[in-house]
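Residue numbers (this note's numbering), protein chains in the order written: chain A, 343 to 488; chain B, 343 to 488.
For reference, the structure is listed below as structure tokens.
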DNA sequence: TATTGTTATACTCTATAACTATA
DNA sequence: TATAGTTATAGAGTATAACAATA
């Protein structure tokens, strides 16, 4: 492996980003597996839980950076397990609000604890200030790409 | 979308990491498409080009964070287009060294220019010092996850 | 005309297991 | 026994296009 140290590729931010992201997602998925969730389903569940009035699927797609057609499937899956439900919006009959059920909220709490703990393996040695900076930089990358 | 601003999920480093990574990979893939490459094939090509003595597939798997079985397919693809070739190692007859051909080197140069330019959209507003810090942090995340 | 949600489809990526040939 | 490479397969993620209902 000696020949590959300090290589241009291993200095490439895109490469480093996807490799680090993959590692963290893998760790999170492992932690969520016991709850029958994966990161994408979990993300939808969390957003539904925290939106008192419900979230539209369009909003979910925008925040998560997914195509609306993918959101349909994720919500289908969660709804099938009765972790969320779709409720027609009164203001706009095209939209359907996604809301968490009591079971969904309970599962989210348990899953969140495990997910948070698991991510400490790859992220544990980052100081609070570094986390804040990383958060800021990643958000700016996302915004600039939008 | 108002209800989702400053939300716990959008502060989660794992979530931010995968969203930012996705954006950069998407931009890179778009830039590489004209060369008939995607990031993974491109990464293998770059590493093969820069290893004068060739790289083993095991080394590629370790650096890229991929399973060896995935590397086989990536190298097959590049070899099929005669961008790299497999040469048996004299030291260890189990290993096969991957080396870039002249065509592979030429394609890498052209592809690298486009990929670098494309990534400036999402990463352009990061100052040099920020890039260095980000590089460092992402490398540490990968190392800690290893 | 534009937007929300939906269905369908094809392709890429990821994860595993099992096998071979060499060490 | 362990390692490098290979084959095969299934599941998850991504990317598009087209459509109905509603705005």
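Where a beta carbon is used, it is the ideal one built from N, C-alpha and C, also for glycine.
Residue 350(A): which of 388(B), 373(B), 353(B), 451(B) sits nearest, CA to CA?
If we check each option's Cα against that of residue 350(A), 388(B) comes out closest.
For residue 430(A), collect the residues of the same chain with a Cβ closer than 7 Å to its Cβ; drop the 5 residues on either side in sequence, then sort them by chain order.
The beta carbon of residue 430(A) sits closer than 7 Å to the beta carbons of 438 from its chain, once the five residues preceding and following it are set aside; these are given in chain order.
Interface residues of chain B around residue 449(A) at Cβ under 9 Å?
Here the premise fails: no neighbours, minimum Cβ distance about 15 Å.
If you run the structure through DSSP and keep just helix, strand and coil, what is residue 380(A)?
In the three-state DSSP reduction, residue 380(A) falls in the coil class, being neither helix nor strand.
Output needed in chain order: residues of the stretch 450-474 of chain B with a Cβ under 7 Å from some Cβ in chain A.
Against chain A - using a Cβ distance shorter than 7 Å - the residues of the stretch 450-474 of chain B are 461, 463, 464, 465, 466, 467, 468, 472, 473.
Would you kindly work out how many angstroms separate the C-alpha atoms of residue 391(A) and residue 385(A), rounded to a whole number?
The straight-line gap from Cα to Cα measures roughly 10 Å.
Note down, in chain order, each residue of its chain lying with its Cβ closer than 8 Å to the Cβ of residue 354(A), except the 5 sequence neighbours on either side.
Around residue 354(A): no qualifying Cβ.
Should residue 396(B) be labelled buried (16 or more other beta-carbon atoms within 10 Å of its own) or exposed?
Burial is judged here by how many other beta carbons sit within 10 angstroms of a residue's own beta carbon; residue 396(B) has at least 16 and is buried.
Determine the closest residue to residue 381(A) out of 450(A), 475(A), 424(A), 352(A), with distance taken between C-alpha atoms.
Nearest neighbour of residue 381(A) by Cα position, chosen from 450(A), 475(A), 424(A), 352(A), turns out to be 450(A).
Write down the C-beta distance between residue 461(B) and residue 398(B) rounded to the nearest angstrom, noting that I regard them as a contact closer than 8 Å.
Wrong, their Cβ atoms sit about 28 Å apart, outside the cutoff.
Which of the three DSSP states, helix, strand or coil, is assigned to residue 437(B)?
Look at residue 437(B) here: in three-state DSSP terms it is coil, with no helix or strand label.
Using DSSP bridges, identify the partner residues of residue 388(A).
Residue pairing of residue 388(A) in beta bridges, as defined by DSSP: absent, with no partner found.
If you measure from the beta carbon of residue 479(B) to each beta carbon in chain A, is any gap under 8 Å?
Output row for residue 479(B): interface = yes.
Outcome for residue 485(A) when other beta-carbon atoms lying within 10 angstroms are tallied against a minimum of 16
Exposed.
Where residue 370(B) meets chain A, residues with beta-carbon distance less than 8 Å
Contact annotation for residue 370(B) against chain A: 356 [CB-CB distance below 8 Å, chain order].
Output the residue ranges of the beta strand (DSSP E) runs that lie fully inside the stretch 437-469 of chain B and measure 3 residues or longer, sorted by chain position.
Counting only runs that start and end inside the stretch 437-469 of chain B, the beta strand (DSSP E) elements of at least 3 residues fall at 438-442.
Buried versus exposed call for residue 363(A) [16 or more other C-beta atoms within 10 Å across all chains shown]
Per the 10 Å Cβ criterion, buried.
What do you get for residue 464(B), buried or exposed, if any count of 16 or more other CB atoms within 10 angstroms of its CB means buried?
With a threshold of 16 other beta carbon atoms within 10 Å, residue 464(B) meets it and is buried.
Quick check on this structure: which residue in 479(A), 373(A), 433(A), 403(A) has the alpha carbon closest to the alpha carbon of residue 466(B)?
Checked all of 479(A), 373(A), 433(A), 403(A); the closest Cα to residue 466(B) is 479(A).
Applying a beta-carbon distance threshold of less than 7 Å, which residues of chain A neighbour residue 364(B)?
Per Cβ cutoff of 7 Å: 407.
Along the chain, where does the beta strand (DSSP E) containing residue 395(A) start, and where does it finish?
Premise fails: residue 395(A) is in no beta strand (DSSP E) and is neither H nor E.
Exposed or buried, residue 408(B), counting other C-beta atoms within 10 Å across all chains shown (16 or more means buried)?
So residue 408(B) ends up on the buried side.
Just to confirm my understanding: we take residue 447(A), look at its own chain, exclude 5 residues before and 5 after, and list those with CB closer than 7 Å. What are they?
Leaving aside the five residues that flank residue 447(A) on each side, the residues in its chain whose CB is nearer than 7 Å to its CB run, in chain order, 391.
Is the distance from the Cβ of residue 440(A) to the Cβ of residue 406(A) below 8 Å?
Taking 8 Å as the Cβ cut-off, residue 440(A) and residue 406(A) do not qualify as a contacting pair.
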